[in-house]
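Taking it in order: structure first as structure tokens, then the write-up.
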């Protein structure tokens, strides 16, 4: 009886681990290229920089988003779900 219980628990854990019936929360990078809602607002009040990588180890750079104090946003390369904000939003100094 105890052996049967351990076996069924092990099988259940394996089924969850290999994704039987589970859905993934990853989004396609192509979909992110058209999404702006996850980024900080880009206007003349803030400046920021976000780096994008090919996977969660963040070793292969694939792109970057820049927002300058003039309110212009620039994309270099492409976006992915693996990102790191390099410069947090900072207030722009009026000159």
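In this note's numbering, the protein residues as written are 4 to 98.
Each residue gets a CB set at the ideal place from its N, CA and C atoms; glycine is no exception.
DSSP-derived helix/strand/coil call for residue i
{"i": "residue 72", "result": "coil"}
{"i": "residue 86", "result": "strand"}
{"i": "residue 79", "result": "strand"}
{"i": "residue 65", "result": "strand"}
{"i": "residue 92", "result": "strand"}
For residue i, the nearest candidate out of the options (CA to CA)
{"i": "residue 61", "options": "84, 51, 72, 50", "result": "84"}
Chain-order list of residues whose beta-carbon lies under 6 Å from that of residue i (same chain, five-residue window excluded)
{"i": "residue 57", "result": "63, 65"}
{"i": "residue 76", "result": "45, 70"}
Same chain, Cβ closer than 8 Å to residue i, five either side skipped, listed in chain order
{"i": "residue 50", "result": "70, 71, 72, 90, 92, 93, 95"}
For residue i, the first and last residue of its enclosing beta strand (DSSP E)
{"i": "residue 52", "result": "49 to 56"}
Cβ-Cβ separation, residue j to residue i (assumed contact under 8 Å), whole Å
{"i": "residue 80", "j": "residue 55", "result": "7 Å"}
Own chain partners of residue i with C-beta closer than 7 Å, once the 5 adjacent residues on each side are dropped
{"i": "residue 13", "result": "Caution is warranted here: a pLDDT of 49 is assigned to residue 13, below 50, making its placement in the model unreliable, and no coordinate value can be reported."}
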